[in-house]
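Trainee: For the sequence shown, the numbering used here puts the final residue at 386, and the numbers step up evenly by one. Yeah, the Cβ is synthetic: ideal placement off N, Cα and C, and Gly gets one too.
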Amino acid sequence: MTDTFQRTRRDFLTVATVGGAAATLGMIGVSPAMAGVAAGRSEKPLKAAFSNAGLQATWCAQGKSAAEYWGKLFNVEVTWFDGQLDAVKQRAAVDNMASQKWDFVAIQAFGIGTLTQPVQKMIDAGTPVIDMDTLIAPLDKINVHSFLAPDNEFMGASVTQALVAKLGGKGKMIMTQGALGHTGAQGRAKGFNSVVKANPGIEVLDTQPADWDVTKVARLWETYLTKYPQIDAAFFHNDDMALAAYNVMKARNRTNILIGGVDAMPPAINAVSDGRVFATVRNPSCRIHGGAIIAGVAAVTAGEKAGSGIPKSIVTDGPVVTKENAAGMLWMQDHFLI
49 MTDTFQRTRR DFLTVATVGG AAATLGMIGV SPAMAGVAAG RSEKPLKAAF
99 SNAGLQATWC AQGKSAAEYW GKLFNVEVTW FDGQLDAVKQ RAAVDNMASQ
149 KWDFVAIQAF GIGTLTQPVQ KMIDAGTPVI DMDTLIAPLD KINVHSFLAP
199 DNEFMGASVT QALVAKLGGK GKMIMTQGAL GHTGAQGRAK GFNSVVKANP
249 GIEVLDTQPA DWDVTKVARL WETYLTKYPQ IDAAFFHNDD MALAAYNVMK
299 ARNRTNILIG GVDAMPPAIN AVSDGRVFAT VRNPSCRIHG GAIIAGVAAV
349 TAGEKAGSGI PKSIVTDGPV VTKENAAGML WMQDHFLI
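The following block contains the structure:
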């Protein structure tokens, strides 16, 4: 067993790609029958279409890499339709997607309700559609194959609570939101507000959205730092925005502001390790995008049905990231595991 676990990552990938992911599981002691059920690598090449909010966001870019990585392991060719952090542009891309034939599709919508019509067209054609991270539409309104997402309210609350605890329950805070139509952002705001409501010593100065756009964040925070002589902490709906705001704070010599973010991407993990960011929480891009590959393959090759073979909604949480677990989190992301 010791020798088995010391195989190199290259050996693992060779077995997974050539012999199938089931054989890979077999080499670590899982029976061939069980491995076949768990892995289900497609014998024939499959074609999948993916779209997420916009590859300018590091979370989305990592998701693309993860989908392509897991696609190679499971014999899936992934074609990408970039949302470009714009609801109108993503709609045009998904309209194009819907005009073509795919074995399965996976989508993270920039905003709820913006893609319902083309997604419904694909569902009506019999294409399994996996919803990632944010609702395409309410689950009782559209029959997606499954919805893979973190508990966004938990993520917002856990990071906000860490900031509030560090402040001793008293101070002035700002929340910089993502896109208001994004159900993940809505959940993060709800988590933030639940903690603030329970801590009357916290004063919220502003909650404007920046739509995941680091340029908008920089403009907002230039204004905030001029307007507010005291800002004790700031919660950002993703780490890209948090780090963009930190650069503005540093230029204005206001690095005493505690910063919390969401996603726990490698740059933010490094920022936690060196003290620029106080806390972040992992929104597991690799698990969500890789999980969409596995869900799609299982739907096509094993006939896995929505609501019976696979749950309609799957929680894909990651942990709060601290200096203690930062190195392990980076390793997991390097291997597209979380």
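Given that a residue counts as buried once 16 or more other Cβ atoms are within 10 Å of its Cβ, and exposed if not, what is GLY216?
Mentor: exposed
Trainee: Could you give the uninterrupted runs of the beta strand (DSSP E) lying entirely in the region 115-160, keeping only those of 3 residues or more?
Mentor: 124-128, 152-155
Trainee: Excluding the 5 residues preceding and the 5 following LYS169 in the sequence, name in chain order all residues of the same chain whose CB lies nearer than 8 Å to its CB.
Mentor: Once the five neighbours on either side are set aside, the close Cβ partners of LYS169 are ALA146.
Trainee: Which residues bound the beta strand (DSSP E) around LEU211?
Mentor: Looking at the DSSP string, LEU211 is not in any beta strand (DSSP E); the run it does join, the alpha helix (DSSP H), is 200-214.
Trainee: Would the beta-carbon of PHE158 fall within 7 Å of that of GLN138?
Mentor: yes
Trainee: Take PRO315 as the anchor and find which of ASP259, ARG300, ALA299, LEU378 has the nearest alpha-carbon.
Mentor: LEU378
Trainee: If you check the beta carbons only, do LEU163 and VAL177 fall under 7 Å apart?
Mentor: no
Trainee: Let's test the definition: count the other Cβ atoms within 10 Å of the Cβ of ALA292 and tell me whether it reaches 16, buried, or not, exposed.
Mentor: buried
Trainee: Measuring CA to CA, which of TYR294, SER99, GLN110 is closest to ASP134?
Mentor: SER99
Trainee: Please report the residue range of the alpha helix (DSSP H) in which VAL265 lies.
Mentor: 262-275
Trainee: Our contact map puts PHE195 next to LEU183 with C-beta atoms below 8 Å; I'd like the distance itself, whole angstroms only.
Mentor: 7 Å
Trainee: Would you decide whether PRO166 is buried or exposed? Buried here means 16 or more other CB atoms lie within 10 Å of its CB.
Mentor: buried
Trainee: Under the DSSP definition of a beta bridge, which residues are partnered with GLN110?
Mentor: GLN110 is not bridged by DSSP to any residue.
Trainee: Should VAL252 go down as buried or exposed, given a rule of 16 or more other Cβ atoms within 10 Å for buried?
Mentor: With fewer than 16 other Cβ atoms from the protein chains shown falling within 10 Å of its own Cβ, VAL252 counts as exposed.
Trainee: Would VAL243 pass as a contact of ALA327 if the rule is Cβ separation under 7 Å?
Mentor: no
Trainee: Residues bridged to PHE240 by DSSP?
Mentor: In the DSSP assignment, PHE240 forms no beta bridge with any residue.
Trainee: Where LEU103 and GLN132 are concerned, what is the direct C-alpha to C-alpha distance, given to the nearest angstrom?
Mentor: 6 Å
Trainee: Can the beta-carbon of ALA354 be found less than 7 Å from the beta-carbon of HIS230?
Mentor: no
Trainee: Skipping 5 residues on each side, what residues in its chain have a beta carbon closer than 8 Å to that of GLN256?
Mentor: Taken in chain order, the residues that qualify are THR224, GLN225, LEU268.
Trainee: To which residues of the same chain is ASN200 closer than 6 Å at the C-beta, ignoring the five residues directly before and after it?
Mentor: Cβ within range, chain order: GLY232, GLY235, ARG236.
Trainee: Hey, is VAL142's beta-carbon within less than 7 Å of any beta-carbon in chain C?
Mentor: The chain inventory of the structure shown lacks chain C, comprising one protein chain alone.
Trainee: Could you compute how far the alpha carbon of THR271 sits from the alpha carbon of ILE160?
Mentor: 29 Å
Trainee: Can you give the beta carbon distance from GLN278 to LYS220, rounded, assuming they're within the 8 Å contact cut?
Mentor: 5 Å
Trainee: Three or more C-beta pairs closer than 8 Å, one from the region 106-113 and one from the region 292-306: is that the case here?
Mentor: No, the region 106-113 does not touch the region 292-306.
Trainee: First and last residue of the beta strand (DSSP E) that includes MET377?
Mentor: Per DSSP, MET377 belongs to no beta strand (DSSP E); it is in the alpha helix (DSSP H), 374-382.
Trainee: Check GLY84 in the structure and name its three-state DSSP category.
Mentor: In this prediction, GLY84 has a pLDDT of 42, which is less than 50 and means its spatial position is unreliable; nothing more can be read from the coordinates.
Trainee: For the putative contact between VAL265 and HIS285, defined by C-beta atoms under 8 Å, what is the C-beta separation to the nearest angstrom?
Mentor: Separation of the CB atoms of VAL265 and HIS285 is rounded to 10 Å, and the pair is thereby denied contact status at 8 Å.
Trainee: DSSP three-state label for GLN225, please.
Mentor: strand
Trainee: Among the candidates ILE317, MET289, ALA282, LYS298, whose CA atom is the shortest distance from the CA of GLY308?
Mentor: ALA282
Trainee: Considering only C-alpha positions, which residue in the set PRO359, GLY323, GLU116 is nearest to HIS383?
Mentor: GLU116
Trainee: Taking the alpha-carbon of ALA154 as reference, which of GLY88, TRP128, LEU121 has the nearest alpha-carbon?
Mentor: TRP128
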